[in-house]
Each structure stands twice: as C-alpha cells, then as structure tokens.
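In what follows, a single structure is set out as structure tokens and then discussed.
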Amino acid sequence: CLVFKKVTKNSNSCGSQEGLGDLSSQISVGSTEEESEVPPREVKVREKYDKAIESFFLPVLAYYEQNHWRPLVYEVDILSKIDWGKANFQNIFDIALSKEETKDTESIATINDADKLEEKSTINTKNGQIDIDPVFFCRQIIDIVPNPWMAFGFAEKVICGFSKKHSKKSLKNNFVYIIEETKKILQSERDRLAQQVFYSQIDVGKIRLLVIGKDLGFRLPRNYSIETKSYKLTKENRDPIQQSLYDFVPEDELNEMEKSVAWFLDDQKELFFWYRNQVRKDYFVQGWKPQKVYPDFIFTKAEDDQINEIYVVETKGIQLQGNEDTKYKTDLFDLCNKKSFKQDPNGFVLKYNTTNISYRVIYGDQWKNKLNELFSY
69 CLVFKKVTKN SNSCGSQEGL GDLSSQISVG STEEESEVPP REVKVREKYD
119 KAIESFFLPV LAYYEQNHWR PLVYEVDILS KIDWGKANFQ NIFDIALSKE
169 ETKDTESIAT INDADKLEEK STINTKNGQI DIDPVFFCRQ IIDIVPNPWM
219 AFGFAEKVIC GFSKKHSKKS LKNNFVYIIE ETKKILQSER DRLAQQVFYS
269 QIDVGKIRLL VIGKDLGFRL PRNYSIETKS YKLTKENRDP IQQSLYDFVP
319 EDELNEMEKS VAWFLDDQKE LFFWYRNQVR KDYFVQGWKP QKVYPDFIFT
369 KAEDDQINEI YVVETKGIQL QGNEDTKYKT DLFDLCNKKS FKQDPNGFVL
419 KYNTTNISYR VIYGDQWKNK LNELFSY
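Number 431 in the numbering used here belongs to position 363 of the sequence shown; there are no gaps in the numbering.
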C-alpha cells in the first residue's frame, strides 16, 4: 500500500516554490483515440525451434492437497498459515513522534493488478488532529494481516501502547505516521513468518518444485499477439537477431543492460535459444513473499535439437546488489538450485527426462563473466 501525502506545516506552505510547480506540465492527462490505437502484432516461435518446445516445460512451485499437486497459491498456502501470535512489533513504540501539527489531507491509495492507482481513503486532518480510531487503523493494515480480528487486535495494542507514553493530542497529531510505521513492521514480520511457513511446508513434503508435463508446469506459447509501437530488437551493429525463441523482440522492453545480455547470448554458438521473459505474462517463481518473481531471461542448450540445459536468469544493476528485493530473489533461486533436477524422484522435485535447470541472479559488473562460465562447458 502506498501513502501519498499533501502536508503543510502551520501556515508556511512552500507550495510550488519547492520545485513541484512545473510538475503538472510534465504529466499527460490523456491521449486521443488515434494516438492510443496500436494494431495487434502476431509474434511467433521461430520455425527451427517449433518442434523442440513441444516438450519444453518449466517447473513451478507446487502444493500437495487432497492427493494431487497444484500450483502454489501464496494467499492460501502461505499467508493463511501464518501464526500472527508470533509477530513482534514492539519496536513500533521506539519511534519518535513529531511535536508539530500537520494540516490539510492524508490520501492513502493502492496500486491494483493492472498498475492503476486506486484511492483507498482520504483523511481530513484539519487543525492537525484526526480521531484515534482502531477501526480505521484496522482497515489500513488488513491487506497485510488478512484476519480482521487479529488486525483489530494489533491496532488496539499499538494505540494503547502509545497512549501510555504520549498525550492524546500528540497521538492524534501523529496517528497516520504511527499507522505507516506499523505497516512497515508488520510487512517485515509477515515476510519473516511466511518464510518459516514456507520452509516448514517443504520439510514435510507439502511444497515441491515440480513439472508434470501439461498437468503442472509452465509452457511457452507458440504464438501470441501484442500491441506495441516498438521497433524490433537488433544487434548492436544493427544485424538481425538470430537465436531468440520468437521472431520479434520489442526493443523498448529491454533496458541497456538487458540489451547487452541479449546481444551476448545471441552470439553464443553453444546456445540453442534465448527468450526475454515478460513480466506479469510469462514464467514466474512464487516464493514466501506476495510478489511473484519474473526472471529476465530464459535460455537453453541442446544436443541434436533436444534441450538438455535450461537457465533461468535475473539480471540486476550493481547498485541493487545487496538490497532486500535482490537478496530475496537470490535466496529463492538458491533454494530452487539446491532442490535441482539432479535429485531422484523421491526428493524435492520430480525428475523430468535428462533436463537440468539452473536459476541465477547476475549483477551488472559481472554478468559477462558469469555467462561465459555457463558456456565454457
């Protein structure tokens, strides 16, 4: 949940003097129907790969329920099993509250699955004070703690804890700030407890990385339609790309680092094909956090046109090395590698022919070296 604020302190609002006055001129409110219309483009698998991908499936994390395996569902299989009684949010009471009054409005909004902004609620903070309402508090954290009774209990505990240390006026003046900080702590606790649930389900054999042909596994389509104004990706010298799985790769879907990786892959003699995975559309790995992990590239090696090596690769700029999102993806991919296809069918996965799969997170300062290693054997 994102919190968007318009806050002024006392009567000395800086307004447009803070460098935001020209922002409206940079925002496009809408476009004409003619500008927005883009004819669909059919994207097809290259003919030389058509037969090979008939039996090309990528594994998914699956959950065992009622004598059958199905794709893992975060909300049902992880979030619903969290023991919120183990959540530790005592650090919330260590935050410092402001003595200044805030005025105008606090707007709390969310971004939906279609990446569109939706207003959730708007709070009038006239005179710097709003009601200390545990029900309102509960509504703000229900997307993190989906049990309404538990969420309401957390809201009451936080309000009660601050009431023992601060005046009612101070609590009112900082109420939205307290909610924001509580959400941060609860999100961190949710992910910590969810990871425990995830690993415990692995230990008892309820979660596995599986591919069972058409019944369970991800299969790339032979063709699909897209609406794009993008040019077709070519090599750096403008020669045509030769080893992409599909005959059209939109240039504007790749950043500069990803273009460099694509050019490198396309020049490898040992490569069979490479594919730029599409976010929110194609292959993903669902772990113990709500967001699905969509890797950037999938590429393969083959022998006699039979795929025998699959690489699932996420690229990260060097500036992102070590941040929370990168660490999560690295840990999740490491787990997938430890439970690799080299184990027997009684292990974490079901063995799928002779295909080996490897998950990698590669950083901007070392991607070429790491990929060279993959093609050196």
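We put the CB at the ideal spot given by N, CA and C, even for glycine.
Item to complete: For the beta strand (DSSP E) holding S426, just list the boundary residues, first then last.
Response: Per DSSP, S426 belongs to the beta strand (DSSP E) from 424-431.
Item to complete: Keeping to the same chain, check which residues put their C-beta closer than 8 Å to that of T398; ignore five residues upstream and five downstream.
Response: Closer than 8 Å at Cβ, skipping near neighbours: V429.
Worksheet entry | Whether S426 touches Y362 by CB criterion (7 Å) | No, they are not a contact pair.
Worksheet item: DSSP on Q374, reduced to helix/strand/coil?
Response: Three-state DSSP puts Q374 in a strand.
Item to complete: Return the residue from the list G229, V317, L439, F266 that minimises the CA-CA distance to L129.
Response: It is F266.
Item to complete: Quick one: grab the DSSP three-state call for S312.
Response: Assigned with DSSP and collapsed to three states, S312 falls in strand.
Practice prompt. Note the first and the last residue of the continuous alpha helix (DSSP H) segment covering I246.
Written response: Per DSSP, I246 belongs to the alpha helix (DSSP H) from 243-271.
Discussion item. So if DSSP puts N291 in a beta bridge, which residue, or which two residues, is it bridged to?
Written reply: Looking at the DSSP output, N291 shares a beta bridge with K112.
Discussion item. Can you tell me where the alpha helix (DSSP H) holding E392 begins and where it ends?
Written reply: For E392, the enclosing alpha helix (DSSP H) has its first and last residue at 392-406.
Practice prompt. State the Cα-Cα distance for the pair P289 and V111, rounded to the nearest angstrom.
Written response: Taking C-alpha positions only, P289 is separated from V111 by approximately 10 Å.
Worksheet item: In this structure, what does DSSP give as the bridge partners for W356?
Response: In the DSSP output, where bridge partners are listed per residue, W356 has none listed.
Practice prompt. Just confirm the distance between the C-beta atoms of E319 and K300, as a whole number of angstroms; I'd bet it's less than 8 Å.
Written response: At roughly 7 Å, the Cβ-Cβ gap stays under 8 Å, so E319 and K300 are in contact.
Worksheet item: Where does the unbroken alpha helix (DSSP H) through F230 begin, and where does it stop?
Response: It spans 216-231 - the alpha helix (DSSP H) in which F230 sits, taken as one unbroken run.
Discussion item. Let me confirm a value: N440 is counted as buried when at least 16 other C-beta atoms fall within 10 Å, else exposed. Which label applies?
Written reply: Per the 10 Å Cβ criterion, exposed.
Worksheet entry | Coil, strand or helix - K77 by DSSP | Because the pLDDT at K77 is just 41, under 50, the model does not fix this residue reliably, and the point stays unresolved.
Item to complete: Keeping to the same chain, check which residues put their C-beta closer than 8 Å to that of D364; ignore five residues upstream and five downstream.
Response: The beta carbon of D364 is closer than 8 Å to those of E326, V329, R344, N345, V381, E382, T383 in its chain, skipping five residues each way along the sequence.
Discussion item. Looking at I210: is its Cβ nearer than 7 Å to the Cβ of A219?
Written reply: Cβ atoms of I210 and A219: closer than 7 Å.
Worksheet item: Whose C-alpha, out of R109, I121, P107, is nearest the C-alpha of W342?
Response: Measuring from the Cα of W342, the nearest candidate turns out to be I121.
Worksheet item: Is the beta carbon of F125 sitting closer than 7 Å to the one on R287?
Response: Their beta carbons are under 7 Å apart, which means F125 touches R287 by this criterion.
Discussion item. Can you look up K297 in the DSSP assignment and give me helix, strand or coil?
Written reply: When secondary structure is reduced to three states using DSSP, K297 falls in the coil class, being assigned neither helix nor strand.
Discussion item. Three or more C-beta pairs under 8 Å: does that hold for the segment 144-163 against the segment 247-259?
Written reply: Yes: the two stretches touch, three or more of their Cβ pairs being nearer than 8 Å.
Fill in: Own chain residues within Cβ distance below 7 Å of L147, not counting five before or after
Around L147, the same chain offers P214, A262 as residues with beta carbons nearer than 7 Å, after the five sequence neighbours per side are excluded.
Practice prompt. Just the C-alpha distance for N421 and I227, rounded to the nearest angstrom, thanks.
Written response: With a pLDDT of only 45 at N421, under 50, the local geometry of the prediction cannot be trusted, and the value read off the model is given with reservation. The straight-line gap from Cα to Cα measures roughly 58 Å.
Worksheet item: Is DSSP giving Q389 helix, strand or coil here?
Response: Reduced to three states, the DSSP call for Q389 is coil.
Worksheet item: Would N242 pass as a contact of S166 if the rule is Cβ separation under 7 Å?
Response: In contact: N242 and S166 (Cβ atoms closer than 7 Å).
Worksheet item: Skipping 5 residues on each side, what residues in its chain have a beta carbon closer than 6 Å to that of K360?
Response: Counting only residues of its own chain and dropping the five nearest sequence neighbours on each side, K360 has a CB closer than 6 Å to the CB of F352, Q354.
Discussion item. By DSSP's criteria, P139 is part of a beta bridge. Which residues make up the other side?
Written reply: Looking at the DSSP assignment, P139 forms a beta bridge with A130.
Worksheet item: Within this structure, are the beta carbons of E249 and I160 separated by less than 7 Å?
Response: Their beta carbons are under 7 Å apart, which means E249 touches I160 by this criterion.
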